[in-house]
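Enquirer: Mind looking over this structure? Questions follow.
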Amino acid sequence: MTDASGEQEPARPGRTRKARFAMVLFANLLATGVLLVLTATSALPVSFNLSGLPFKVSAERFDSDGFLQIPRLENTPDGRLPVGVTTVVSAEIRGLCESVVIPSPAGPVTVRITAGKQAPVTVKNLALNLTDLAGNTTFRELHLGPRPPGHEDPGAIGGILQRADSVSIDQLRVKTNTLAVGTMNLTDMRFKVVYGAEECF
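In structure tokens form, the structure reads like this:
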């Protein structure tokens with residue numbers, strides 16, 4: 003900006019910080035949007051790990067095959083966090099919602115994704131670190147016991163695992179800090195960014 007004498011006026015620090023934040027936020031959201039479009043068309047695997055920020059996942063119905071869960075201690079910037087490392091081979095999800103609240107100088111910003119209202123979301127090779135899971139659950143061929151050979155994990159707690167041929171969950175509610183998917187087809191997806199906290203639950 004130039005003053006009346008023609009000299010360059012220095013930018014105000016507050017305005018510069020806000021502009022820089024807006025540019026960084028826009029770049030991150032643009033990258034996320036492109037990633038989601040590619041994911042929805044099965045173009046590449048996807049992984050969400052937003053610098054340790056917790057995010058929430060909910061679903062009206064979750065049907066999966068090949069369920070495995072191991073309790074372990076996960077290294078995070080805030081120390082070691084107990085989680086349930088959970089994997090499924092494939093799943094169909096109806097009424098999916100994912101949300102994360104990101105702190106910013108302008109206040110909290112919520113990134114929210116919904117899909118699977120008309121037809122189920124399909125997933126292959128899903129893995130996530132659960133800190134909390136709730137829902138009406140049906141296990142088929144459930145086994146809870148010591149880890150067999152081939153499942154050694156130095157971070158695991160208690161040397162046990164839980165596995166099942168299939169799992170069905172109504173009104174699923176999950177809190178996690180990491181989610182990775184081999185393939186994820188999102189039907190009628192909506193990607194939304196808003197000020198404030200508009201979480202899935």
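Reminder that position 28 of the sequence shown reads as 30 in this note's numbering, one-by-one numbering, no gaps. Cβ atoms here follow ideal geometry from the backbone N, Cα and C, with glycine treated the same way. For clarity, every value in this text was computed on a predicted model and none was experimentally measured.
In the structure shown, what three-state DSSP assignment does residue 84 receive?
Expert: For the purposes of this step, residue 84 is taken as residue 82 along the sequence shown, with counting starting at 1. Looking at residue 84 - three-state DSSP - the assignment turns out to be strand.
Enquirer: Indicate the three-state DSSP secondary structure (helix, strand or coil) for residue 144 in the structure shown.
Expert: As a working mapping, residue 144 is identified with position 142 in the sequence shown. Here residue 144 sits in coil by DSSP.
Enquirer: Compute the Euclidean distance between the alpha carbons of residue 187 and residue 55, then round it to the nearest angstrom.
Expert: The residue given as residue 187 occupies position 185 in the sequence shown. The residue given as residue 55 occupies position 53 in the sequence shown. Those two C-alpha atoms are separated by around 24 angstroms.
Enquirer: Can you tell me whether DSSP reads residue 203 as helix, strand or coil?
Expert: Start at 1 with the first residue of the sequence shown, and residue 203 comes out as number 201. It is coil, neither helix nor strand.
Enquirer: With DSSP collapsed to three states, give me the class of residue 122.
Expert: Position 120 of the sequence shown, counting from 1, holds the residue named residue 122. DSSP places residue 122 in coil when its eight states are reduced to three.
Enquirer: Check this for me: beta carbons of residue 183 and residue 131, under 8 angstroms apart or not?
Expert: In the sequence shown, residue 183 corresponds to position 181, counting from 1. In the sequence shown, residue 131 corresponds to position 129, counting from 1. No, the Cβ-Cβ distance between residue 183 and residue 131 is not below 8 angstroms.
Enquirer: Which of the three DSSP states, helix, strand or coil, is assigned to residue 188?
Expert: Position 186 of the sequence shown, counting from 1, holds the residue named residue 188. Three-state result, residue 188: coil.
Enquirer: Can the beta-carbon of residue 103 be found closer than 8 angstroms to that of residue 199?
Expert: As a position in the sequence shown, residue 103 is number 101, starting the count at 1. As a position in the sequence shown, residue 199 is number 197, starting the count at 1. Result yes, Cβ atoms of residue 103 and residue 199 sit closer than 8 angstroms.
Enquirer: Could you give the C-beta distance for residue 138 and residue 172, rounded to a whole number, given that I count them as a contact under 8 angstroms?
Expert: As a first step, residue 138 must be located in the sequence shown, where it is residue number 136. As a first step, residue 172 must be located in the sequence shown, where it is residue number 170. Contact flag correct, Cβ pair sits at about 4 angstroms.
Enquirer: Going by DSSP, what residues sit across from residue 93 in a beta bridge?
Expert: For the purposes of this step, residue 93 is identified with residue 91 of the sequence shown, where counting begins at 1. Checking the DSSP bridge columns, you'll see residue 93 partnered with 66 and 125.
Enquirer: Is residue 76 a contact residue of the ligand SAH, with contact defined as CB to any heavy atom under 7 angstroms?
Expert: By its list of ligands, the structure shown contains no ligand whatsoever, and the ligand SAH lies outside what it can speak to.
Enquirer: Find the nearest neighbour of residue 74 within the set 175, 101 and 87, judged by alpha-carbon distance.
Expert: Taking the sequence shown and counting its residues from 1, the one referred to as residue 74 is at position 72. It is 87 whose Cα lies nearest to the Cα of residue 74.
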